[in-house]
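Enquirer:
Residue numbers (the working numbering), protein chains in the order written: chain A, 282 to 575; chain B, 238 to 531.
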């Protein structure tokens, strides 16, 4: 459904824009209908930039993003199929207005003359398990972070979207509401909604996603079916990430050192080596590798 | 505890009332607004009640203040109180018109430069800086002298066209910080056009600042107009407080001991501008909780 092909974003930095910084470098993956793909990476790995480019909030330097084969053109028509929810629920709402204004904006822009609008709102709120009486006609600071995030998802549902870009939507929530929001995403998936779940938290990514993309310094290091990426990590960075997940009752262990670069052992070309059915890995970037052949 | 209960916002309506609550208890704001309202009332109603033109010759020259001529008469036998009331009206006209024009230009330039950024910002910022470094009073002198502008409206227009740059710079800076907030992105995802986002998402967040900007521009226009009038480049039709000061100076009121000729217009200008600034400090305290005296 949504396809990213060789997407690159280069920022100009420095006083006169003389230097450049590559935030995203040749990233390609796709999200299918009703599929959850988690995009995992550390801070500064370019995962939020990818989300913003999909949402049309940031321009691409090169490459292309297509939705159902048509190139992305930010505008009313596109936002009817693709919506986003951001990390900080408290800054996603304009503090001087009531929170349900985000729903009214959808009505104004897309459905100015729908007679049963209130029913639709009620339905969308029920889908995100919110009680209309508790959230409508309130200011953002009177609602909890979890309520605000679910209200934003309800807003997206009003548009009958195909894809939701969820950028770290649970990182500002406490543990109990976090699982509620994740279960909600699982529900939406069952309804046929595609979700790009951007996170730095491996266990949350594992919980939901069919496929996982691991990002580092703006490039994909490993991607594939979640059970393969997490069950049999091939790239040393993925192993490092997995060993860094805290486990109850056992002390932290150093990741096993990389046993050579699979990419070069197999003599692959292009950015990624197809190591297995639906499992791709990039060059390990060891001292004796010298980078990918491309 | 009762005082705390009433002071803390608890319901949505109480949040809106909070500003009003502090406004009605702010001495500076009440005094400043009170003085302005009295002077404004005098300027609006006064000329109607007096039933005379500003420059009518009413009686003997050089009369000191009496029950018949409240502020006395000048060397030509014109009633100084009548002139004062008409002068106040001109003063408010210049302030509202000049301040209004400057506020509109400043806000338009500031919002567009801050929201668009990039090349648009560079061009608008350059324009702002150019107008900012031009010695405004000297330019107004040249324009007034060269074009021979003698009506209040045109004078206000030129003041408005030259006094907006600092407002534009301040609004641009605030817009810069507000446009990166998530709720602006959310408005874009709702398909709102830029103009609507500026007017309905960004501007309401700085409404108190915009209001204070207008007050300062209003006071500034009055001062510039008075300076121009005093050096003889004011409107030739009608009368203004600055023009009264200029006449008093020209006809040696100081040496003749006609204190009632120059004190009222001087006090009038000081009262209007001073009250505006006092009200502005009061508004600052109302809108900014950190400045409130508890």
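Where is the CB? At the ideal position from N, CA and C, for every residue including glycine.
Quick caveat, the model's predicted, so the values are computed rather than measured.
Note down, in chain order, all residues in the segment 287–308 of chain B with a beta-carbon under 9 Å from any beta-carbon belonging to chain A.
Expert: Within the segment 287–308 of chain B, no residue has a Cβ that lies closer than 9 Å to any Cβ of chain A.
Enquirer: Spatial neighbours of residue 297 of chain B within its chain, please: C-beta separation below 7 Å, excluding the five flanking residues on both sides.
Expert: So the qualifying residues of the chain are 310, 314.
Enquirer: Please return the same chain residues whose Cβ sits closer than 8 Å to the Cβ of residue 279 of chain B, not counting the five positions on each side in sequence.
Expert: Within the same chain, residue 279 of chain B has close Cβ partners 322, 325.
Enquirer: With DSSP collapsed to three states, give me the class of residue 284 of chain B.
Expert: Residue 284 of chain B falls in the helix class under three-state DSSP.
Enquirer: Which of helix, strand or coil does DSSP assign to residue 473 of chain B?
Expert: Note: residue 473 of chain B maps to coil in three-state DSSP.
Enquirer: Thinking just about the alpha-carbon of each residue, which of A/343, A/347, A/328 is nearest to the one in residue 447 of chain A?
Expert: Ranking A/343, A/347, A/328 by Cα distance to residue 447 of chain A puts A/328 first.
Enquirer: Quick one: does residue 358 of chain B have its CB under 9 Å from some CB of chain A?
Expert: So, not an interface residue.
Enquirer: Can you tell me which of the three DSSP states residue 328 of chain B falls into?
Expert: Helix at residue 328 of chain B.
Enquirer: I'd like to know if residue 419 of chain B contacts chain A, where contact means its C-beta is closer than 9 Å to some C-beta of that chain.
Expert: Yes, residue 419 of chain B counts as interfacial toward chain A.
Enquirer: Taking residue 356 of chain A as the query, report the chain B residues whose CB atoms sit under 8 Å from its CB, ordered along the chain.
Expert: Under the 8 Å cutoff, chain B gives 428.
Enquirer: Check the Cβ of residue 425 of chain B against every Cβ in chain A and list those closer than 7 Å, keeping chain order.
Expert: Those are 338, listed as they occur along chain A.
Enquirer: Quick one: list the residues of chain B neighbouring residue 369 of chain A, beta-carbon separation under 7 Å, in chain order.
Expert: Those are 419, listed as they occur along chain B.
Enquirer: Please return the same chain residues whose Cβ sits closer than 6 Å to the Cβ of residue 248 of chain B, not counting the five positions on each side in sequence.
Expert: Since pLDDT at residue 248 of chain B reaches only 49, below the 50 mark, its modelled position is unreliable, and the value read off the structure follows with that caveat. Excluding residues within five positions, none has a Cβ falling inside 6 Å.
Enquirer: Touching or not, the segment 398–406 of chain B and the segment 441–460 of chain B, by the rule of three or more beta carbon pairs under 8 Å?
Expert: The segment 398–406 of chain B, when compared against the segment 441–460 of chain B, does touch it at the 8 Å Cβ threshold.
Enquirer: For chain B, find out if any of its Cβ atoms is closer than 9 Å to the Cβ of residue 492 of chain A; answer yes or no.
Expert: It does not; no Cβ of chain B falls within 9 Å.
Enquirer: Looking at the C-beta of residue 521 of chain B, does it have a partner C-beta in chain A at a distance below 9 Å?
Expert: By this cut-off, residue 521 of chain B is not an interface position.
Enquirer: Suppose the cutoff is 7 Å on Cβ atoms and the five residues either side in sequence are ignored; what does the same chain contact list for residue 467 of chain A look like?
Expert: So the list reads 489, once near-sequence residues are dropped.
Enquirer: Does the beta-carbon distance from residue 418 of chain B to residue 372 of chain A come in below 9 Å?
Expert: Yes; because the gap between Cβ atoms is below 9 Å, this pair is in contact.
Enquirer: Can you find a C-beta in chain B that's less than 9 Å from the C-beta of residue 383 of chain A?
Expert: Chain B contact via Cβ: present.
Enquirer: Find out if the Cβ-Cβ distance for the pair residue 377 of chain B, residue 478 of chain B is shorter than 9 Å.
Expert: No.
Enquirer: Cα separation between residue 316 of chain B and residue 476 of chain B?
Expert: For residue 316 of chain B and residue 476 of chain B, the distance between alpha carbons rounds to 12 Å.
Enquirer: Below 8 Å on the Cβ atoms is my contact criterion, and I expect residue 426 of chain B with residue 360 of chain A to pass it. Report the Cβ-Cβ distance as a whole number of Å.
Expert: Their Cβ separation, rounded to whole angstroms, is 5 Å, which keeps residue 426 of chain B and residue 360 of chain A in contact under 8 Å.
Enquirer: Can you confirm whether residue 442 of chain B, when its beta carbon is compared against all beta carbons of chain A, has any partner nearer than 9 Å?
Expert: True, the Cβ-Cβ gap to chain A drops below 9 Å.
Enquirer: Using only the alpha-carbon positions, how far apart do residue 495 of chain A and residue 453 of chain A sit?
Expert: For residue 495 of chain A and residue 453 of chain A, the distance between alpha carbons rounds to 22 Å.
Enquirer: To the nearest angstrom, how far is it from the Cα of residue 397 of chain A to the Cα of residue 296 of chain A?
Expert: For residue 397 of chain A and residue 296 of chain A, the distance between alpha carbons rounds to 54 Å.
Enquirer: I need the DSSP call for residue 441 of chain A, collapsed to helix, strand or coil.
Expert: Here residue 441 of chain A sits in coil by DSSP.
Enquirer: In chain A, what lies closer than 8 Å to residue 438 of chain B by C-beta?
Expert: Here the neighbours are 375.
Enquirer: Name the residue from A/559, A/547, A/484 whose alpha carbon lies nearest to the alpha carbon of residue 528 of chain A.
Expert: Looking at the Cα atoms, A/484 is the closest of the given residues.
Enquirer: Please tell me whether residue 422 of chain B has its Cβ less than 9 Å away from any Cβ of chain A.
Expert: Yes, its Cβ sits closer than 9 Å to a Cβ of chain A.
Enquirer: Report yes if the CB atom of residue 474 of chain B is closer than 9 Å to the CB atom of residue 414 of chain B, and no otherwise.
Expert: Going by C-beta atoms, residue 474 of chain B is not nearer than 9 Å to residue 414 of chain B.
Enquirer: Got a sec: does the ligand FAD put a non-hydrogen atom nearer than 8 Å to the Cβ of residue 322 of chain B?
Expert: For the structure depicted, the ligand FAD is absent and the ligand set is empty, with no information on it obtainable.
Enquirer: In the DSSP output, what is residue 283 of chain A paired with across the bridge?
Expert: For residue 283 of chain A, which the question treats as bridged, DSSP gives the partners A/312, A/348.
Enquirer: If you draw a straight line from the C-alpha of residue 293 of chain B to the C-alpha of residue 264 of chain B, how long is it?
Expert: Answer to the nearest angstrom: the Cα atoms are 40 Å apart.
Enquirer: Tell me the DSSP secondary structure of residue 239 of chain B in three-state form.
Expert: Confidence at residue 239 of chain B is low in this model, with a pLDDT of 42, below 50, so the placement of that residue should be treated as unreliable; the coordinate-derived value is given next. Of the three classes helix, strand and coil, the one that applies to residue 239 of chain B here is helix, per DSSP.
Enquirer: Run the CB neighbour count on residue 472 of chain A, radius 10 Å, all protein chains shown included, and call it buried at 16 or more, exposed below.
Expert: So residue 472 of chain A counts as exposed.
Enquirer: Looking only at its chain, what residues have a beta carbon closer than 6 Å to the beta carbon of residue 339 of chain B, apart from the 5 residues adjacent to it on each side?
Expert: Result list for residue 339 of chain B: 397, 400, 401, 454, in chain order.
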